[in-house]
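The numbering used here puts the last residue of the sequence shown at 184; the count rises by one with no breaks.
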Amino acid sequence: MTQVIALSLSIAVLGGIWAFLALGPLSGFVLVWAGFIGWGCFFHSGANTNALVKTIIGNAYGALVAWVALLIIVNVPVPGLGAVWPAIVVGVTVFCLVIVASIDLLSVVPANVYGYAALVAYSLHQPSAAPATGPLHNLVSPSFANPLVLLIVSMVIGALFGYASDQLAKVLPTKLPTRAAHA
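Now the structure itself:
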């Protein structure tokens, strides 16, 4: 089989396993889609050990910066500014995503952005009605209800699945045996 088929097969098998785990026994502890973001980021970042490290660090850093932004927005309301206040907070924190690009472990800016975007998307698109049931009410909870914990764990495991799928693809046979080999 070609390397593309080997990689497709390894991703399909491990993707099915990941979906089963995330939607089954690990439900509530990981998010299937966030894992796939970490997985894709691994390949986007170069699909090697260095990419694995930069994906994990970048995704976690981005999620952490987004978490700080949400903490500020939720806990320091400035009603007189309306939507301008969250926009300022986002602008400042997004600046922090990119300014660190000269640091090797944070040099894959898309990894940082994926972590930031995933945490904000999850937090803003989940019900957060009182009494303290949604992500915005659980920003400091020491549990998987905290979007920071949930997203980082999901993305780290996803990156590890990306690494595993790459390694599996490398050991799958990429050439069919010839007739001479069987004679």
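All residues carry an ideal CB built from backbone N, CA and C; glycine is no exception.
Assuming residue 155 and residue 17 make a contact with CB atoms under 8 Å, what is their CB distance in whole Å? Not really, about 17 Å apart at Cβ, beyond 8 Å.
Alpha-carbon to alpha-carbon, residue 106 and residue 21: 31 Å
Using the Cβ count rule (16 or more neighbours within 10 Å means buried), how would you classify residue 32? buried
How would you label residue 136, buried or exposed, when you count the other beta carbons within 10 angstroms and need 16 or more for buried? buried
Can you round the beta-carbon distance between residue 27 and residue 43 to whole angstroms, since I take them to be within the 8 Å contact cut? In fact, because the Cβ distance is near 19 Å, the residues do not count as touching under 8 Å.
Determine, using beta carbons only, whether residue 86 and residue 79 come nearer to each other than 8 Å. yes
Residue 46 by DSSP, collapsed to three states: which one? coil
Might you give, ordered along the chain, the residues of its own chain that have their beta carbon closer than 6 Å to the beta carbon of residue 170, omitting 5 neighbours on each side? 7, 8 and 11
On the CB-based measure, 16 or more other CB atoms within 10 Å of its CB, does residue 25 come out buried or exposed? exposed
DSSP state of residue 108, grouped into three classes? coil
Look up residue 77 in the DSSP assignment and say whether it is helix, strand or coil. coil
Tell me the residue span of the alpha helix (DSSP H) that contains residue 156. 148–172
Could you tell me the distance, in whole angstroms, from the CA atom of residue 116 to the CA atom of residue 13? 24 Å
Is residue 1 near residue 112, with beta carbons less than 8 Å apart? Outside the displayed span of the chain (2 to 184) sits residue 1, for which this structure offers no information.
Alpha-carbon spacing of residue 151 relative to residue 175, whole angstroms: 37 Å
With residue 175 as the anchor, note down where its alpha helix (DSSP H) starts and where it stops. Unbroken run through residue 175: none, as it is neither H nor E.
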